[in-house]
Amino acid sequence: MKKENLERMSEAEIIQYAEALGIPKKAIKAANNKAEFVWNRWNQEVTVSAVGLDLKIPAKLLRDKDLINALANPNLTDNQADEIIMRLLGETQYNALIDACTDNEGVVDVVAMGVAFGRILSSRELKNL
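So for the sequence shown, the numbering used here puts the first residue at 142; every next one is plus one.
Right, dumping it as structure tokens:
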């Protein structure tokens with residue numbers, strides 16, 4: 142959502158939207174600037190540890206329509222999973238993940254990549270948003 146749209150919403154709409162995002166009603170009602178409070182929560186990052194790396198993931202990507210649809214695909218291919226993880230991490234962190242999963246001979250361990258993917262998607266940090 143664009144910030145300017147959020148700022149144009151009524152207080153009741155903002156509270157409803159905040160609750161749908163998982164923000165406790167008490168927290169949003171206590172905020173002086175409700176739109177700013179929700180915007181900051183929408184844009185927060187969480188850190189997830191996987192294969193020895195601390196990876197920062199923007200919370201808003203977990204609510205991205207295209208990403209959710211891709212994750213819901215029961216026939217998800219390895220290439221599609223790779224695209225999802227790259228989208229979640231961004232190019233720099235994705236490359237660091239590939240490097241962490243690559244041995245000294247240049248072999249990228251797909252099992253390690255799968256573990257990282259599973260760790261990221263099932264992490265408590267992301268579930269507690």
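Built from N, CA and C at the ideal position, the CB exists for glycine as well.
C-alpha distance - residue i paired with residue j, whole-angstrom precision
i	j	result
residue 206	residue 188	22 Å
residue 245	residue 197	26 Å
residue 192	residue 218	21 Å
residue 259	residue 252	10 Å
residue 166	residue 172	10 Å
residue 215	residue 235	24 Å
Nonlocal neighbours in the same chain, by C-beta distance under 7 Å from residue i, ignoring five residues either side
i	result
residue 266	187, 188, 189
residue 222	258
6 Å Cβ shell around residue i - same chain, five flanking residues per side excluded
i	result
residue 185	200
residue 225	211
residue 229	198, 202
Cut-off 8 Å between Cβ atoms - residues of its own chain near residue i, not counting five sequence neighbours on either side
i	result
residue 256	191, 192
Limits of the unbroken alpha helix (DSSP H) element including residue i
i	result
residue 233	219 to 241
message = Between the region 142 to 158 and the region 174 to 183, can you find at least three pairs of beta-carbon atoms closer than 8 Å?
response = yes
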